[in-house]
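Undergrad: I am attaching a structure below and will ask some questions about it afterwards.
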Amino acid sequence: MALKTFSTYAFLCLSIIWPSFCTKENPKLFQDENPKLFQAEIIFVHGIYVMHLSIGSPPVDIYGSVDTGSDLVWTQCEPCPQSQCFRQEASLFDPKKSSTYNSISCFSFQCVIAGTNCSEGDCIYSLAYGRGLHGSFSSGNIATETLTFGSTSGKPLEMPKIIFGCGHNNSESPNTPSNQTGTIGLGPGSSSLISQMATSITGKFSYCLPHEGSSTINFGGIVAGAGCTLLPLEYHSNLKLVMSNMIRAQPIEIKIGEPGLSDILCYNISSQPELPEVTIHFKGADVKLSPSNIFQNISDDLMCSAFRGGDANTIYGNIMQMNFLIGYDIEQRTVSFKSTHCANN
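The opening position of the sequence shown corresponds to residue 1 in the numbering used here, with each subsequent residue numbered one higher.
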């Protein structure tokens, strides 16, 4: 039986992730211009994508949630009392044991780049993510350190003097994976990992988000080969109405009760709803989404939409990005999409 199709116009130019970016559907994306690309593993854990890097000398493993909506890279650091930090499987990074750790003063250009505050001459940061029951925060010192990546050559590659946050007071969200140690900010700001690596990666990076297992994020080009989304309230209401009219099953509205957010559209799995394909019309490209990009099973008997309405910024979430090879070209200010299978295993 053929799937129903539905088109929705979203002339957003991906300003939701990088300001004034437009999209293109390009089967080649951009080519591998660097024989030694920086790489890192991305692991899918309970709806969160976690990037595996190493920090310091000698290197210590860190696992940061991938976030294109924020800038700073931060990880929990010693000292980190149990009452002020969340539990993590990996060992805490201890800056005193690293020969490449350098603290930053209030008057340094790095502190200005990070856009942070000062306390007794030290450059400090304080960040909050989300809101309500799903919110989290981190605060600590701004410093520079060496990050170690994998590479296409198979040998580790170091990136020295990366500005990052050493978190000494941190909270987790309810769905924080047990291996997470912090956040990897890939946003457009000067302190983001992408901006700091810009000259070394020719302004390009790409990732492919799997439904399960792990995949690779590439910095500097594309290797050839194979969250929920937040919409404006009125737009979301219209989309939900049209979709519920197309799906021949009795919808169930789940009331979350968070201020500024709408309810989500759900169905009993036993009713076997016939879900439509959805085409998102960006400026410059049409991106065709499968039902698994639109709905997710949240229990053994319930599936719900991966989009909601809200009064905050529009977000093109990670569920809609699953199983697409997505490439960012900062210099050309474009984002490219290619449907593929992302999992390494």
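Just so you know, even glycine gets a beta-carbon here, dropped at the ideal spot from N, CA and C.
Note that the structure is predicted; figures quoted are calculated from it, not measured.
1) With 16 as the cutoff for other CB atoms within 10 Å, does residue 199 come out buried or exposed?
2) Skipping 5 residues on each side, what residues in its chain have a beta carbon closer than 8 Å to that of residue 340?
3) Once DSSP output is grouped into helix, strand and coil, what is the label at residue 303?
4) Helix, strand or coil for residue 109? Go by DSSP, reduced to three states.
5) Candidates 60, 55 and 197: which alpha carbon is nearest residue 147's?
6) Confirm, please, whether the CB-CB distance from residue 205 to residue 316 is below 8 Å.
7) When you compare the CB positions of residue 182 and residue 167, do they come within less than 8 Å of one another, or not?
8) Find out if the Cβ-Cβ distance for the pair residue 73, residue 185 is shorter than 8 Å.
9) Is it buried or exposed for residue 97, if we count other Cβ within 10 angstroms and need 16 for buried?
10) Pick helix, strand or coil for residue 57, following the three-state DSSP scheme.
11) How is the alpha helix (DSSP H) around residue 177 delimited, first residue to last?
12) Taking the DSSP output, what are the residues bridged to residue 73?
13) Tell me whether residue 37 is buried or exposed, calling it buried when 16 or more other Cβ atoms sit within 10 Å of its Cβ.
14) Quick check on the DSSP output: the alpha helix (DSSP H) that includes residue 320 runs from which residue to which?
15) Pull up the DSSP beta-bridge partners for residue 242, would you.
16) From what residue to what residue does the alpha helix (DSSP H) around residue 42 run?
17) Evaluate residue 308 with the Cβ neighbour count: other Cβ atoms within 10 Å of its Cβ, from every protein chain shown; 16 or more gives buried, anything less gives exposed.
18) For residue 296, list the residues DSSP reports as bridge partners.
19) Smallest Cα separation from residue 162: which of 43, 143 and 248?
20) Sorted by chain position, which residues of the same chain lie with C-beta nearer than 6 Å to residue 369's C-beta, five sequence neighbours on each side aside?
21) Confirm, please, whether the CB-CB distance from residue 122 to residue 139 is below 8 Å.
22) Three-state secondary structure (DSSP) at residue 193?
23) Which class does residue 124 belong to by DSSP, given the choice of helix, strand or coil?
24) Are there three or more Cβ pairs, one per stretch, closer than 8 Å when the region 262-271 is compared with the region 292-304?
25) Can you tell me where the beta strand (DSSP E) holding residue 327 begins and where it ends?
26) Taking 7 Å as the limit between beta carbons, can you name the residues of its chain near residue 331, skipping five residues before and five after?
27) In its own chain, which residues sit with a C-beta less than 7 Å from the C-beta of residue 60, not counting the 5 before and 5 after it?
28) Express the C-alpha separation of residue 249 and residue 44 in angstroms, rounding to a whole number.
29) Tell me whether residue 234 is buried or exposed, calling it buried when 16 or more other Cβ atoms sit within 10 Å of its Cβ.
30) Please determine, among 76, 130, 285 and 274, the residue with the shortest C-alpha to C-alpha distance to residue 303.
TA: Per the coordinate set shown:
1) Position 199 of the sequence shown, counted from the start, is the residue given in the question as residue 199. Exposed, by the Cβ-count rule.
2) Position 340 of the sequence shown holds residue 340. 208, 226, 323, 324 and 325, listed in sequence order.
3) Walking along the sequence shown from the start, residue 303 turns up at place 303. Three-state result, residue 303: strand.
4) For the purposes of this step, residue 109 is taken as the residue at position 109 of the sequence shown. In the structure shown, residue 109 sits in a helix (DSSP, three-state: H, G or I).
5) Taking the first residue of the sequence shown as 1, we reach residue 147 at position 147. Answer by Cα proximity: 55.
6) The sequence position of residue 316 within the sequence shown is 316, counting from 1. The sequence position of residue 205 within the sequence shown is 205, counting from 1. In this structure, residue 205 does not lie closer than 8 Å to residue 316 by Cβ.
7) Position 182 of the sequence shown holds residue 182. Position 167 of the sequence shown holds residue 167. Yes.
8) To locate residue 73, count along the sequence shown from 1; it is residue 73. To locate residue 185, count along the sequence shown from 1; it is residue 185. Yes, Cβ-Cβ distance for residue 73 and residue 185 is below 8 Å.
9) Counting from 1 along the sequence shown, the entry for residue 97 is found at position 97. It is exposed - the Cβ of residue 97 has fewer than 16 other Cβ atoms within 10 Å.
10) Here residue 57 corresponds to residue number 57 of the sequence shown, with the count starting at 1. Correct three-state label for residue 57: coil.
11) In the sequence shown, counting from the first residue as 1, residue 177 sits at position 177. It is not in any alpha helix (DSSP H) - residue 177 carries neither H nor E in the DSSP assignment.
12) Taking the sequence shown and counting its residues from 1, one reaches residue 73 at position 73. Looking at the DSSP assignment, residue 73 forms no beta bridge with any residue, so it has no partner.
13) Start at 1 with the first residue of the sequence shown, and residue 37 comes out as number 37. Buried: at least 16 other Cβ atoms inside 10 Å.
14) The residue you call residue 320 lines up with position 320 of the sequence shown. Residue 320 -> alpha helix (DSSP H) spans 318-321.
15) Within the sequence shown, the letter at position 242 stands for residue 242. None; residue 242 has no bridge partner.
16) Position 42 of the sequence shown, counting from 1, holds the residue named residue 42. Here residue 42 belongs to no alpha helix (DSSP H); instead the beta strand (DSSP E) covers 38-45.
17) Here the question's residue 308 lines up with position 308 in the sequence shown. Buried, since its Cβ has 16 or more Cβ neighbours within 10 Å.
18) Along the sequence shown, read from residue 1 onward, the residue named residue 296 stands at position 296. According to DSSP, which records beta bridges pairwise, residue 296 is partnered with 304.
19) Counting from 1 along the sequence shown, the entry for residue 162 is found at position 162. It is 143.
20) Nothing about residue 369 can be reported from this structure: the residues present for the chain run from 1 to 345 only.
21) Locating residue 139 in the sequence shown gives position 139, where the first residue counts as 1. Locating residue 122 in the sequence shown gives position 122, where the first residue counts as 1. For residue 139 and residue 122, no; Cβs fall outside 8 Å.
22) One-based indexing of the sequence shown puts residue 193 at position 193. Helix.
23) Counting from 1 along the sequence shown, the entry for residue 124 is found at position 124. Here residue 124 sits in strand by DSSP.
24) yes
25) Translated into positions along the sequence shown, residue 327 becomes position 327. Counting along the chain, the beta strand (DSSP E) containing residue 327 begins and ends at 324-329.
26) As a position in the sequence shown, residue 331 is number 331, starting the count at 1. Once the five neighbours on either side are set aside, the close Cβ partners of residue 331 are 203.
27) Mapped onto the sequence shown, residue 60 falls at position 60. Cβ neighbours of residue 60 beyond the five flanking positions: 54, 91 and 93.
28) By one-based count along the sequence shown, residue 44 stands at place 44. By one-based count along the sequence shown, residue 249 stands at place 249. For residue 44 and residue 249, the distance between alpha carbons rounds to 31 Å.
29) Working through the sequence shown from its first residue, we reach residue 234 at position 234. With fewer than 16 Cβ atoms within 10 Å of its Cβ, residue 234 is classed as exposed.
30) As a working note, residue 303 is residue 303 in the sequence shown. For residue 303, the nearest C-alpha among the options comes from 274.
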